[in-house]
Amino acid sequence: MKYFKIIMLVVVTIMSGSLLYGQECMEGASDEGVNIIGFVQTQSEYNFLGEDLRGESLNELDFYFNRVRIGVTGNAGYDFSYYAMTEMSPTIGGPMILDAFVSYNRFAPYAKASFGQFRTPFGLEVGSTGCHKLHTINRTHVVSNLAAPFRDFGLMISGGTGDISILGSKTTNFLGYKLALLNGTGLNTPDDNRKKDFLARVTLHPLDFITVGASYRTGEHPPLADGVFIDDKRTRFGIDVELKYADFIVQGEFIDGSDDGSYTIGGGCGDPLQTVIGSINRKGFFGQVLYMTPWNLQPVVKFEQYDPNTSEVEGLNDQINEITYGFNYFFNEWTRLQVNYLYRAEENARVEVPNDALLIQMQIVF
Numbered sequence: 006m007k008y009f010k011i012i013m014l015v016v017v018t019i020m021s022g023s024l025l026y027g028q029e030c031m032e033g034a035s036d037e038g039v040n041i042i043g044f045v046q047t048q049s050e051y052n053f054l055g056e057d058l059r060g061e062s063l064n065e066l067d068f069y070f071n072r073v074r075i076g077v078t079g080n081a082g083y084d085f086s087y088y089a090m091t092e093m094s095p096t097i098g099g100p101m102i103l104d105a106f107v108s109y110n111r112f113a114p115y116a117k118a119s120f121g122q123f124r125t126p127f128g129l130e131v132g133s134t135g136c137h138k139l140h141t142i143n144r145t146h147v148v149s150n151l152a153a154p155f156r157d158f159g160l161m162i163s164g165g166t167g168d169i170s171i172l173g174s175k176t177t178n179f180l181g182y183k184l185a186l187l188n189g190t191g192l193n194t195p196d197d198n199r200k201k202d203f204l205a206r207v208t209l210h211p212l213d214f215i216t217v218g219a220s221y222r223t224g225e226h227p228p229l230a231d232g233v234f235i236d237d238k239r240t241r242f243g244i245d246v247e248l249k250y251a252d253f254i255v256q257g258e259f260i261d262g263s264d265d266g267s268y269t270i271g272g273g274c275g276d277p278l279q280t281v282i283g284s285i286n287r288k289g290f291f292g293q294v295l296y297m298t299p300w301n302l303q304p305v306v307k308f309e310q311y312d313p314n315t316s317e318v319e320g321l322n323d324q325i326n327e328i329t330y331g332f333n334y335f336f337n338e339w340t341r342l343q344v345n346y347l348y349r350a351e352e353n354a355r356v357e358v359p360n361d362a363l364l365i366q367m368q369i370v371f
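Numbering of the sequence shown is given in my numbering, commencing with residue 6 and proceeding in unit increments.
Structural data, given as structure tokens:
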């Protein structure tokens, strides 16, 4: 019976999504007119939750929109471009504005200035990967918690070395950079203080098959606790690497974060940002391997680990260890099916909690 439900889950998800590509963070395609862009992600989720005391199944099946994004992009003359994206999915609080910014491109690819609300350039999985290009359905736990807020309002200068040869390398953008000055309050939230967050990301691309990146973010904001006069502070540091050789892709990322006075939970991909009073240190990493077969089928395996409180007493089992097994199937340039099985391994291997999940997503980009 369980396998029948799983098969039906796959079939229904494919049917519901096949009736539905757009590029997130793409540039204007022409000098004139407006380009309408966006993508739709229909999703189903089956949670394996075991049985209750009466032996009845607690498993849950749900169908919903993961993301429904519609936007516009284009060029205004030779030097300026614009980009705006909305989220329409009620699952993550839509409708709302995700991105809306203007860019000055006179000195591109060496330097470009963007002003408005945009995706923060921290790390590999957020700073370099749009939601429609994720290799697995979910972002990793460490990224969702420590790279957030994913979007903010401010000024960003970005660019790279372009086609300039450095140290004999023939790669494009041997050195890339993104520098941002941000409110620090997150998506569609007005600034509540005079101080700003500073964010920097640098990448090195010495050979065609390897890119190494490092990211840093720091900022202060008014204290949330009563009777405290020292500003709360957060600091993030991350390193990442991506290897692309033939049909193989290997990615890995590590993030370490410290929060003094207060810290946030969530805030990724439109999720609400929750603030908690207290100081905390957190860290985590992920690694994943993909291979594109000749049949447009791309198997993927990802392992991730996230410690939500590095100062907690050992043995409290709060560390998250998760393995994602799955595949991506590309029907064409615009349509993709993703199937992921999430195995959540408890820190104490002697205690196995029924909390695995099967996720299926259909995506069409326009």
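Beta carbons are placed, not taken as given, at the ideal position from N, Cα and C, and that holds for glycine.
Legend entry - Simplified DSSP assignment, three categories, for Asn333: strand
Legend entry - C-beta neighbour in chain D for Val344, strict 8 Å: The structure shown contains no chain D; it holds only a single protein chain.
Legend entry - Nearest to Ser149 (by Cα), restricted to the options Tyr109, Thr190, Lys288 and Val305: Lys288
Inset, instruction - Would you identify the three-state DSSP class for Gly27, choosing helix, strand or coil? - result: Any reading at Gly27 must be qualified, since the residue scores a pLDDT of 33, below 50, and its modelled position is unreliable; the value itself is stated next. In this structure, Gly27 counts as coil in the three-state DSSP scheme.
Legend entry - Residue range of the unbroken beta strand (DSSP E) whose run includes His226: Ile215 to His226
Inset, instruction - Return helix, strand or coil for His210, following the three-state DSSP convention. - result: strand
Inset, instruction - Kindly indicate which three-state DSSP category Lys201 falls into: helix, strand or coil? - result: coil
Legend entry - Per DSSP, the bridge partner or partners of Ile369: Val45 and Thr340
Legend entry - Limits of the beta strand (DSSP E) - the one that Asn286 falls within: Ile285 to Tyr296
Inset, instruction - Give the DSSP-derived three-state secondary structure of Val306 in the structure shown. - result: strand
Inset, instruction - Figure out for me which residue from Asp197, Asn71 and Phe155 has the closest Cα to the Cα of Gly132. - result: Phe155
Legend entry - Three-way DSSP call (helix, strand, coil) for Asn110 in this model: coil
Legend entry - Assigned exposure category for Asp157 - 16 Cβ within 10 Å defines buried: buried
Legend entry - Inter-residue Cα distance where the pair is Ile142 and Tyr311: 18 Å
Inset, instruction - Kindly identify the DSSP beta-bridge partner or partners of Met161. - result: Ser119 and Ala185
Inset, instruction - Can you grab the Cα-Cα spacing for the pair Pro304 / Pro95, in whole Å? - result: 30 Å
Inset, instruction - Tell me whether Leu58 sits in a helix, a strand or coil according to DSSP, three-state version. - result: coil
Inset, instruction - Using alpha carbons as the reference points, say which of Tyr88, Val255 and Leu364 lies closest to Glu50. - result: Leu364
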